[in-house]
Each structure stands twice: as structure tokens, then as C-alpha cells.
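463 is the number that my numbering gives the last residue of the first sequence; the numbers go up by one with no jumps. Yeah, the Cβ is synthetic: ideal placement off N, Cα and C, and Gly gets one too. This one's a predicted model, so the numbers in the text were calculated from it and none came from an experiment. All remarks here apply to the structure that follows.
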Amino acid sequence: MSSQKPSIPKGTRDFTPAEMLRRNYIFDTIREVFQNFGFQPIETPAMENLSVLLGKYGDEGDKLLFRILNSGDFLSGASHQDLQLDNAPGLSLKISSKGLRYDLTVPFARYVVQHRNEISFPFKRYQIQPVWRADRPQRGRYREFYQCDADIIGSDSLINEVELIQLVDEVFRRLGIKVQVKLNNRKILAGIAHAIGAEGSLTDITIAIDKLDKIGQEKVNEELAQKGLSAEAIDKLQPILLMQGTDEEKFGLLQRTLAGSAIGIDGIAEMQEIFEILHLLELRHLVSLDLTLARGLNYYTGAIIEVKATEVQIGSVCGGGRYDDLTGIFGMPGTSGVGISFGADRIYDVMLESNLFGESSHKSTQVLFANFGKAEERYCLRLLTQVRKAGISAELYPEAAKMKKQMTWADKKEVAWVVLAGKEEMEQNKLTLKNMRSGEQISCTLDQMINRVKDVAGA
RNA sequence: GUGCGUGUAGCUCAGUUGGUUAGAGCAUCGGAUUGUGGUUCCGAGGGUCGUGGGUUCAAGUCCCAUCAUGCACCCCA
Numbered sequence: 005m006s007s008q009k010p011s012i013p014k015g016t017r018d019f020t021p022a023e024m025l026r027r028n029y030i031f032d033t034i035r036e037v038f039q040n041f042g043f044q045p046i047e048t049p050a051m052e053n054l055s056v057l058l059g060k061y062g063d064e065g066d067k068l069l070f071r072i073l074n075s076g077d078f079l080s081g082a083s084h085q086d087l088q089l090d091n092a093p094g095l096s097l098k099i100s101s102k103g104l105r106y107d108l109t110v111p112f113a114r115y116v117v118q119h120r121n122e123i124s125f126p127f128k129r130y131q132i133q134p135v136w137r138a139d140r141p142q143r144g145r146y147r148e149f150y151q152c153d154a155d156i157i158g159s160d161s162l163i164n165e166v167e168l169i170q171l172v173d174e175v176f177r178r179l180g181i182k183v184q185v186k187l188n189n190r191k192i193l194a195g196i197a198h199a200i201g202a203e204g205s206l207t208d209i210t211i212a213i214d215k216l217d218k219i220g221q222e223k224v225n226e227e228l229a230q231k232g233l234s235a236e237a238i239d240k241l242q243p244i245l246l247m248q249g250t251d252e253e254k255f256g257l258l259q260r261t262l263a264g265s266a267i268g269i270d271g272i273a274e275m276q277e278i279f280e281i282l283h284l285l286e287l288r289h290l291v292s293l294d295l296t297l298a299r300g301l302n303y304y305t306g307a308i309i310e311v312k313a314t315e316v317q318i319g320s321v322c323g324g325g326r327y328d329d330l331t332g333i334f335g336m337p338g339t340s341g342v343g344i345s346f347g348a349d350r351i352y353d354v355m356l357e358s359n360l361f362g363e364s365s366h367k368s369t370q371v372l373f374a375n376f377g378k379a380e381e382r383y384c385l386r387l388l389t390q391v392r393k394a395g396i397s398a399e400l401y402p403e404a405a406k407m408k409k410q411m412t413w414a415d416k417k418e419v420a421w422v423v424l425a426g427k428e429e430m431e432q433n434k435l436t437l438k439n440m441r442s443g444e445q446i447s448c449t450l451d452q453m454i455n456r457v458k459d460v461a462g463a
């Protein structure tokens, strides 16, 4: 029989015990902060109906959706014509009706509409689950990754934006990651488009502006011209692109520039209020207005947030914003929400690179009972139960392998203590306790052993 | 979808202007030590050199194709 080479799909990963301990440390930290801020957990299915997902993330997003082939005779829904025409998007709708979720926000909007009668608004939920994107994997980019989302839906108050920023500040404080929080507002971006007379090109403008720090002013202008923006409009855009100074100075310039745009004025007022409240709070990380922040997700309508690690280059580790009418598509208009999403996998990469995982994430079995044979096994099994009842994680090596093998095994697993209980110990109703770090060995009773292990663990 | 790079043992890699039987370290397993690991010594297993074709007396090495993978763009957590 020929064996096949085992592999996993591109952009997916296995996680070792050591990695899982560290990943769980991140999830636990984020979860604690979510709960501390009053968010409640939900989960939604890995797959959604395609009708829920399509059209919510822009054309690019639709392309990146993983689609699930219908079960059984999946071709039955497709006509001969469908198969013959070179029409992949059309055909895919005939043979696939489900897809893997692309983010947690859209499924949440669907959840809210479906459960609206059980929810008392404003509803604050958190959700920690994997999402899938058919992107080309590279550094910090995976096809399967975890998002940790906190959203508040059913409240227009800007307090919510501020709370999320506070939450972000707290999560990264606890994890020890240095970050920079950038804020912008879609309404301001719309106002800019209006002010330079190019409302129709809002998306092109925001995407081009977003690249400013990457490709520079000239290239951005070239790209805008290529997208069909008039020279006059590009000209008018320059003062905004090059805007420098304090947030107050930026707001001043914006107010003058966007004076003719109601939506722009509205956006400025929102941001001013958010900053005003933020100034009352003591935040650890710098929060700044960044007009080049665009964010491609189509559903954002108001404030947008992005968080970048300052010491590791990996793209954003956290992003979010306000969406005024995501539930409207599902038949429940007028319910505004705002949310934030932490990218657990990128946070992991940042922490690994910056050496931020402490010993707290190093947890293994505390006590291993060496196995000497059948009779000793029985003896140890009774002791083992009592050790576990005392709250100490313990296990018995499952077979009477050579001592060297058992000790090596304990060493590799970073077990702190090994209990040796053979014939001699059984006769004296005692056991030998070995400290794997120091190599020191003592003879003692079960109670003495439990106290010793607990003492050292507590110290 | 576009561009550039890389594929040799489980992992990291060496392999000369093409030249006889493809190597090392780490890891794994076994022994030295049948009740003692982290440092020693000895030994063993493990390879269709990504795959297919071509050039050549001869290809891990050169050429082409293909697949996989990494990076950049796009987009994003």
C-alpha cells in the first residue's frame, strides 16, 4: 500500500501544545476584558448561506469567500447553458448555496435580525471564532484565522466608540503590546469627496489615500488621475493629504475645507466629540486622527478604527468601525452598531517576535508518577487520585518503560516533579519525590509531597 | 489576478566547472547504565533530490513545463 504525503490546505496551520498555551493566553486575556466591559458571548455557525455573505464586503470580498459545494448531485441546479458559458460567478450560485464566514460582523447582523425579539437593545456581544478568506497567504496573513469581536448594536451614542477605544487600550496594555490607535470617519471622507467635486469616486479616493504612507504623494496622485479624477479635484485634495499638526489644527483646516458639505461637517463634529471624551480618560496608547485611514469594508458609515503594533511590522492587529445599516439588508432598518475586531493570529505573531509571552503561558503536568510495574501501578493510582483532588495536575506514566525513557519523557514535557514509588517505597508507605529542575530528591509521605508541591507552586 | 524568489531526511541546510554508492547537525529510536532526565559516548532507522519531460557518455547540479511554497502588489485581522 502506498502512503500519501500528509498535508493541510494552504494558509491553514496546526497548533502544537506550546502554541495553544500561548494562543489561549491571548484569547483568555481578550475574553476577560470583553466581559469586564459588559459584553456577552455568542457563537454563530462556521458556514452561512451565501445570500447572507455576498455583497457585504465589496467585489474583492466576494472573490475571497470560500464557497461550499452543494451536497449530493450538486450539478442538478445548473443548466447545460450554465455549464457551457464561461460564467464562473453565475455557475457558482447554482452549485453552491453556502459559504464559510468571512468575518464576524455580518453574521452578527444576521443574528441580531433573527433574534431581535429575544434581545434587549442596546446589545453588547462578543464573539471569538475563526473566519476564512481565500486570500494568498503571506506574512501575517492566513486563510483561516481567529477574530475576537466586540460590538454594540442598537445605540447611536458616541460613548460606544469611546468605550471600544478604551477596551482596545486595555487589551493591549494587558498583553504588553505597544500600539498606535488611528481614527477616522467615513463621513469626513465623503465630505472630502464632495468638497473636491468627486462624490462618485469616494472608494477610489479612499483607497488611494490609504496608500499615502506606503507609496508617497506623487504615486497617490498618479493613481487618482488614472482612476479618472480631474486635475482640479486632485489639486484641491493636496492640502488635506499633506495636513500636519495637532488634532485641533487638523479639525480647523477640515472645517474650512468641508464647510459646504453637511455630511463632512457631521463627521467632523462626531470626531471632535469622541476626542473630547477621550481627553477625559487616561489612555496608555496614543490615539490620533488619521485622514489616510480608509478601510475597505463596505459597510462602515461613521467612525473607523485601526490599531497597529508600533514595534513589529505586520499590518493592523485590530480594526473596526460604525455601521449604520447592516441589519437593514436583512429587513431591520435603523439599527446602528459599532464594533471592533482583534486579529488573534497577528497578535500572536507580534508577541512572539517581541518576546512577550511570559512563563504564565508555560503550564504542564506538575507531577508525574513513574511506572515500575503492575503492583506499583495499583499503588500509585490510589495516590494519584488524591493528588488530583488536592488540585495538583498529575498523571501516571501508562506503562512500565525503562526509567530513562520515563525521565526523558517527563523532562521533554517540562513536568516539575516526578514521584518514584517502587517496592521499597510501598513497604514504607512512602514515596520518593524528585524535583526535575534541581535534581534534588527526598523521601516523604503523600501529604508531605502534596504540601511541598503546593508550596513551590504558590511561591 | 500581476511580479520576483525557493523546492535535497521529520526540521535546518551542505553538495565544487555536470563525474562513480547523496552528506552533516538537530530530532526520533536503541545501547553503554534491567530505579533516575536535562551535559557524555556508541549505534540504528529514515531520501522515487517536488513532479514530468529534454540536453548529455553521464543530471541533485544545465534547459523547459508543471505543482507546491515564500515574499511583494491588491485587499485585509
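- Looking at C-beta atoms only, is the number of pairs between the stretch 343–363 and the stretch 388–395 that lie closer than 8 Å three or more? no
- In DSSP terms, what Asp153 is bridged to: Numbered from 1 along the first sequence, position 149 holds the residue referred to as residue 153. Looking at the DSSP assignment, Asp153 forms a beta bridge with Gln131, Ser345.
- Message: Buried or exposed, going by whether 16 or more other CB atoms sit within 10 Å of the CB of Met24?
- Response: Taking the first residue of the first sequence as position 1, residue 24 is located at position 20. That one is exposed.
- Message: At the level of alpha carbons, what is the spacing between Asp471 and Gly232?
- Response: What is shown of the chain runs 5 to 463, which leaves residue 471 out entirely.
- Task: Spell out a yes or no on whether the stretch 163–171 and the stretch 137–150 are touching, meaning 3 or more CB-CB pairs, one atom from each, closer than 8 Å.
- Result: no
- Between the CA atoms of Ile281 and Lys182 - distance to the nearest angstrom: Working through the first sequence from its first residue, we reach residue 182 at position 178. Working through the first sequence from its first residue, we reach residue 281 at position 277. Cα to Cα, Lys182 sits roughly 22 Å from Ile281.
- Measure the Cβ-Cβ separation of Asp294 and Asn439 and say whether it is below 7 Å. As a working note, residue 294 is residue 290 in the first sequence. As a working note, residue 439 is residue 435 in the first sequence. No, Cβ-Cβ distance for Asp294 and Asn439 is not below 7 Å.
- Segment limits, alpha helix (DSSP H) that includes Gly268: Numbered from its first residue, the first sequence carries residue 268 at position 264. Note, Gly268: alpha helix (DSSP H), 266–284.
- Query: According to the neighbour-count rule (16 or more other Cβ atoms, all chains shown, within 10 Å of its Cβ), is Glu52 buried or exposed?
  - Reply: Counted from its first residue, the first sequence places residue 52 at position 48. By the 10 Å Cβ count, Glu52 comes out buried.
- Query: Are the CB atoms of Leu424 and Thr436 nearer to each other than 7 Å?
  - Reply: Within the first sequence, residue 424 is the residue found at index 420, counting from 1. Within the first sequence, residue 436 is the residue found at index 432, counting from 1. Yes, these two residues count as a Cβ contact at 7 Å.
- Query: Would DSSP call Ser205 helix, strand or coil?
  - Reply: Within the first sequence, numbered from 1, the residue matching residue 205 stands at position 201. The answer is helix: DSSP assigns Ser205 an H, G or I state.
- Item | Nearest-angstrom beta carbon gap, Pro126 and Gly81 [assumed within contact, 8 Å] | As a working mapping, residue 81 is identified with position 77 in the first sequence. As a working mapping, residue 126 is identified with position 122 in the first sequence. Gly81 to Pro126, Cβ: 41 Å. No contact.
- Looking only at its own chain, which residues have a Cβ that is under 6 Å from the Cβ of Gln410, when we skip the five neighbours before and after it? Along the first sequence, read from residue 1 onward, the residue named residue 410 stands at position 406. Taken in chain order, the residues that qualify are Ala374, Tyr401.
- Message: Do Gln131 and Ile12 count as a contact pair if the criterion is CB distance below 7 Å?
- Response: For the purposes of this step, residue 12 is taken as the residue at position 8 of the first sequence. For the purposes of this step, residue 131 is taken as the residue at position 127 of the first sequence. No; because the gap between Cβ atoms is not below 7 Å, this pair is not in contact.
- Where Leu241 sits in the DSSP three-state scheme: In the first sequence, the residue the question calls residue 241 occupies position 237. If DSSP states are grouped into helix, strand and coil, Leu241 belongs with the helices.
- Task: Specify, as a first and last residue, the run of the beta strand (DSSP E) that Val291 falls within.
- Result: Residue mapping note: residue 291 aligns to position 287 of the first sequence, counting from 1. Counting along the chain, Val291 sits inside the beta strand (DSSP E) bounded by residues 290–293.
- Task: Compare the Cα-Cα distances from Glu174 to each of Gly65, Tyr61, Ser205, Ile34 and report the closest residue.
- Result: Counted from its first residue, the first sequence places residue 174 at position 170. Residue Ile34 is the option with its Cα nearest to Glu174.
- Compare the Cα-Cα distances from Arg382 to each of Asp251, Arg114, Tyr352, Glu403 and report the closest residue. Mapped onto the first sequence, residue 382 falls at position 378. Checked all of Asp251, Arg114, Tyr352, Glu403; the closest Cα to Arg382 is Glu403.
- Message: Taking a contact to mean a Cβ-Cβ separation below 7 Å, would you say Glu203 touches Ala212 in this structure?
- Response: Along the first sequence, read from residue 1 onward, the residue named residue 203 stands at position 199. Along the first sequence, read from residue 1 onward, the residue named residue 212 stands at position 208. No, these two residues do not count as a Cβ contact at 7 Å.
- Message: I need the straight-line Cα distance from Asp139 to Leu330, nearest angstrom please.
- Response: As a position in the first sequence, residue 139 is number 135, starting the count at 1. As a position in the first sequence, residue 330 is number 326, starting the count at 1. Cα to Cα, Asp139 sits roughly 24 Å from Leu330.
- Task: Tell me whether the beta-carbon of Gly195 lies closer than 7 Å to the beta-carbon of Gly271.
- Result: As a working mapping, residue 195 is identified with position 191 in the first sequence. As a working mapping, residue 271 is identified with position 267 in the first sequence. The answer is yes: Cβ separation under 7 Å.
- Considering only the beta carbon of each residue, do Phe361 and Val117 sit closer than 7 Å? One-based indexing of the first sequence puts residue 361 at position 357. One-based indexing of the first sequence puts residue 117 at position 113. No; because the gap between Cβ atoms is not below 7 Å, this pair is not in contact.
- Message: I'd like the span of the beta strand (DSSP E) that includes Asn375, first residue to last.
- Response: Sequence index remark: in the first sequence, residue 375 carries index 371 (1-based). Run containing Asn375: none; DSSP gives neither H nor E here.
- Member of Tyr29, Thr16, Asp18, Arg17 whose CA lies at the smallest distance from the CA of Lys367: On the first sequence, residue 367 is found 363 positions in, with the first residue counted as 1. Selected option, being the one with the closest Cα: Tyr29.
- Secondary structure at Lys60, three-state DSSP: helix, strand or coil? Against the first sequence, residue 60 aligns to sequence position 56. Lys60 falls in the coil class under three-state DSSP.
- Item | Separation of Ala237 from Gln133, as counted between CA atoms | Residue numbering aside, residue 133 sits at position 129 when the first sequence is read from its first letter. Residue numbering aside, residue 237 sits at position 233 when the first sequence is read from its first letter. Roughly 43 Å between the two C-alpha positions.
- CA-to-CA distance, Val172 to Lys186, given in whole angstroms: Position 182 of the first sequence holds residue 186. Position 168 of the first sequence holds residue 172. Computed Cα separation, rounded: 11 Å.
- Task: Would you mind sorting Arg299 into buried or exposed? The rule is 16 or more other CB atoms within 10 Å of its CB.
- Result: As a working mapping, residue 299 is identified with position 295 in the first sequence. When all chains shown are included, Arg299 counts as buried.
- Message: For Pro141 and Val354, I'd like the C-alpha separation in whole angstroms.
- Response: Within the first sequence, residue 141 is the residue found at index 137, counting from 1. Within the first sequence, residue 354 is the residue found at index 350, counting from 1. Cα-Cα distance, rounded: 17 Å.
- Query: Does the distance from the C-beta atom of Gly144 to that of Gly319 stay below 7 Å?
  - Reply: Reading the first sequence from its first residue, position 140 is the one you call residue 144. Reading the first sequence from its first residue, position 315 is the one you call residue 319. Yes, Cβ-Cβ distance for Gly144 and Gly319 is below 7 Å.
- Who are the Cβ neighbours of Asp217 in its own chain at under 8 Å, not counting the five residues just before and after it? In the first sequence, residue 217 corresponds to position 213, counting from 1. Excluding residues within five positions, the ones whose Cβ falls inside 8 Å are Thr296.
- How about the stretch 219–229 and the stretch 272–292: do they share at least three Cβ pairs that are nearer than 8 Å? Cβ pair count under 8 Å is below three, so no.
- Any non-hydrogen atom of the ligand FMN within 6 Å of Arg145 CB: Among the components of this structure there are no ligands whatsoever, and the ligand FMN is therefore not found.
- Task: Ignore the nearest five residues each way along the sequence and tell me which others in Ile269's own chain have a CB closer than 8 Å to its CB.
- Result: Working through the first sequence from its first residue, we reach residue 269 at position 265. If we look at Ile269 and ignore the five residues flanking it on each side, its Cβ neighbours are Gly195, Gln259, Leu262, Ala263.
- Name the two residues that bound the continuous beta strand (DSSP E) containing Ile309. Taking the first residue of the first sequence as position 1, residue 309 is located at position 305. Ile309 -> beta strand (DSSP E) spans 307–313.
- Nearest residue (CA-CA) to Glu429, options Asp415, Lys417, Val422, Ser447: In the first sequence, counting from the first residue as 1, residue 429 sits at position 425. The option with the nearest alpha carbon to Glu429 is Ser447.
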